[in-house]
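Peer 1: Below you will find the structure I want to go over with you.
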Amino acid sequence: MAARIGVVTFPGSLDDHDALRAVRLSGGEPVPLWHGSDTLDGVDAVILPGGFSYGDYLRCGAISRFAPVMGEVIAAADAGMPVLGICNGFQILCEAHLLPGALIRNDVRTFVCRDQRLRVESADTTWTSDFTAGDEITIVLKNGEGGYVADEETLRRLEGEGQVVFRYLDGNPNGSFHDIAGITNARGNVVGLMPHPEHNVDPLTGPSTDGVPFFTSVLSFLSAKV
Amino acid sequence: MARVVVDVMPKPEILDPQGKAVTGALARLGFAGVSVRQGKRFELEVDGELTPERLAEVHRAAETLLANTVIESFVVHAEEPGTAPAQVVD
Chain F
2 MAARIGVVTF
12 PGSLDDHDAL
22 RAVRLSGGEP
32 VPLWHGSDTL
42 DGVDAVILPG
52 GFSYGDYLRC
62 GAISRFAPVM
72 GEVIAAADAG
82 MPVLGICNGF
92 QILCEAHLLP
102 GALIRNDVRT
112 FVCRDQRLRV
122 ESADTTWTSD
132 FTAGDEITIV
142 LKNGEGGYVA
152 DEETLRRLEG
162 EGQVVFRYLD
172 GNPNGSFHDI
182 AGITNARGNV
192 VGLMPHPEHN
202 VDPLTGPSTD
212 GVPFFTSVLS
222 FLSAKV
Chain D
37 MARVVVDVMP
47 KPEILDPQGK
57 AVTGALARLG
67 FAGVSVRQGK
77 RFELEVDGEL
87 TPERLAEVHR
97 AAETLLANTV
107 IESFVVHAEE
117 PGTAPAQVVD
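Top line first, the protein sequences correspond to chains F and D.
In our numbering, each number is its position in the first sequence, counted from 1, plus 1.
In our numbering, each number is its position in the second sequence, counted from 1, plus 36.
Have a look at this one:
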């Protein structure tokens with residue numbers, strides 16, 4: 002039986018359908034989840050998709066972080082369930098303190114939309130195990146508030162413990178400290194990144210299919226677990 | 037009814053692109069030698085008497101939602117007419 006991967010729709014989510022489609026194309030069973038629900042419907046993993054949940058009011062992700070479904074997501078993540086936050090989803094994970102640090106407005110003060118080169122720094126997470134550390138990939142990046150910041154001690158810990166998962170190549174697009182594009186928690190089950198792997202799963206609509214391993218990684222992890 | 041004001045500012049070490057954009061615009065308008073950092077002001081109308089407990093509750097609300105203390109600091113001011121203004125600094 003295919004693993005069931007939930008994708009949460011918040012008011013203002015944009016990329017929930019692309020994430021559901023990416024799950025389906027990668028061999029998983031996509032499960033739409035609703036922000037106002039207090040159940041995860043028995044899914045095996047959760048994706049928080051990109052978009053502008055709650056209109057980015059207050060701060061990106063600040064209000065979504067307290068949506069009813071997030072109580073369940075936080076409990077499940079703490080119990081080891083794989084959780085992937087993409088763009089706005091990454092911002093939500095930081096606001097929820099499932100990942101350290103925060104995302105602020107791009108230092109270039111403009112919205113950035115480009116095919117972004119990245120280096121995979123860690124294959125030791127549930128969402129990147131099908132990569133090899135050092136792989137260079139191209140993934141769509143599109144955001145206005147993607148500058149990753151954290152205090153010195155947090156950055157030292159992230160670097161020292163191998164929790165930096167993706168780094169920007171060919172120029173830092175938004176002022177992120179240490180060129181950080183994505184990070185993981187200590188356990189490796191929660192991953193957040195600003196680029197959008199769900200847009201890079203079909204040669205028809207993207208310059209690469211480098212997003213596919215994100216989804217196949219978690220599916221292999223879940224099938225090995227059963 | 038009491039009014040409590042929560043001022044939220046980006047921490048000094050955090051880049052403030054909005055403030056930088058405003059600083060640049062002011063310079064172009066001839067307001068030289070001015071550097072701006074941009075924050076947020078929240079005005080909370082609080083029902084009933086503003087007891088120290090209520091003020092502490094507002095402080096908790098600010099810490100929980102209004103500010104992200106990873107990147108922002110905040111100050112809570114009580115503005116109740118006829119009483120000395122209280123202040124809680126974080």
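By construction, the Cβ of each residue, glycine as well, lies at the ideal position given by its N, Cα and C atoms.
V106(D) CB to nearest chain F CB: under 9 Å?
Peer 2: So, interface residue.
Peer 1: Taking 9 Å as the CB-CB limit, is A63(D) close to chain F?
Peer 2: Closer than 9 Å: no.
Peer 1: At least one CB of chain D closer than 9 Å to the CB of P101(F): is that the case?
Peer 2: Yes, because at least one Cβ of chain D sits closer than 9 Å to the Cβ of P101(F).
Peer 1: By alpha-carbon positions, which one of S27(F), V8(F), L59(F) ends up nearest to H36(F)?
Peer 2: Nearest C-alpha to H36(F): V8(F).
Peer 1: Where are the alpha helix (DSSP H) runs, 4 residues long or more, that stay fully inside the segment 40-114 of chain D, in chain order?
Peer 2: Correct list: 53-64, 88-97.
Peer 1: So for P198(F), helix, strand or coil by DSSP?
Peer 2: Correct three-state label for P198(F): helix.
Peer 1: Tell me which residue opens and which closes the beta strand (DSSP E) that I64(F) is part of.
Peer 2: Looking at the DSSP string, I64(F) is not in any beta strand (DSSP E), and its letter there is neither H nor E.
Peer 1: DSSP three-state label for G183(F), please.
Peer 2: Note: G183(F) maps to strand in three-state DSSP.
Peer 1: How is T217(F) classed by DSSP in three states: helix, strand or coil?
Peer 2: Residue state, collapsed to three classes: helix.
Peer 1: Please tell me whether A63(F) has its Cβ less than 9 Å away from any Cβ of chain D.
Peer 2: It does: the Cβ of A63(F) has a partner Cβ on chain D nearer than 9 Å.
Peer 1: Of all the CB atoms in chain D, is at least one closer than 9 Å to the CB of G193(F)?
Peer 2: No, its Cβ sits nowhere closer than 9 Å to a Cβ of chain D.
Peer 1: Identify whether G7(F) lies in helix, strand or coil by the three-state DSSP scheme.
Peer 2: DSSP places G7(F) in strand when its eight states are reduced to three.
Peer 1: Name the two residues that bound the continuous beta strand (DSSP E) containing Q117(F).
Peer 2: Note, Q117(F): beta strand (DSSP E), 113-121.
Peer 1: Which residue wins for smallest C-alpha separation from Q74(D), given the options F110(D), F67(D), P46(D)?
Peer 2: Of F110(D), F67(D), P46(D), the residue nearest in Cα terms is P46(D).
Peer 1: Interface residues of chain A around A57(D) at Cβ under 7 Å?
Peer 2: The structure shown contains no chain A; its protein chains are F and D.
Peer 1: Does DSSP put V1(F) in a helix, in a strand, or in coil?
Peer 2: This structure does not reach residue 1(F), given that chain F is present from 2 up to 227, and the question cannot be answered.
Peer 1: So, with DSSP's three-state summary, where would you put E30(F)?
Peer 2: Residue state, collapsed to three classes: strand.
Peer 1: How many Å lie between I181(F) and C114(F) at the Cα?
Peer 2: If you take the alpha carbons of I181(F) and C114(F), they lie about 17 Å apart.
Peer 1: If you count every other CB in all the chains shown that lies within 10 Å of the CB of Y55(F), and 16 or more means buried, which is it?
Peer 2: Label assigned to Y55(F): buried.
Peer 1: Output the boundary residues of the alpha helix (DSSP H) element that contains N144(F).
Peer 2: Taken as a continuous stretch (DSSP letters only), N144(F) belongs to no alpha helix (DSSP H), being part of the beta strand (DSSP E) at 137-144.
Peer 1: Measure the C-alpha to C-alpha separation of G204(F) and V58(D) and round it to an integer number of angstroms.
Peer 2: Residue identity check: residue 204(F) is Pro in the sequence provided, not Gly. Taking the straight line from one Cα to the other gives about 42 Å.
Peer 1: Rounded to whole angstroms, what's the CA-CA distance from G1(F) to F112(F)? Just pull it up for me.
Peer 2: The question about residue 1(F) has no answer here: the residues shown for chain F are numbered 2 through 227.
Peer 1: Skipping 5 residues on each side, what residues in its chain have a beta carbon closer than 7 Å to that of D42(F)?
Peer 2: Taken in chain order, the residues that qualify are G7, V32, L34.
Peer 1: Pull up the distance between the alpha-carbon of F215(F) and that of D136(F), whole angstroms please.
Peer 2: Each residue's Cα considered, the two are about 13 Å apart.
Peer 1: Quick check on DSSP: helix, strand or coil for A38(D)?
Peer 2: A38(D) falls in the strand class under three-state DSSP.
Peer 1: Using a cut-off of 8 Å between C-beta atoms, extract the partners of L80(D) located in chain F.
Peer 2: Neighbours of L80(D) on chain F: none; closest Cβ ~14 Å, over 8 Å.
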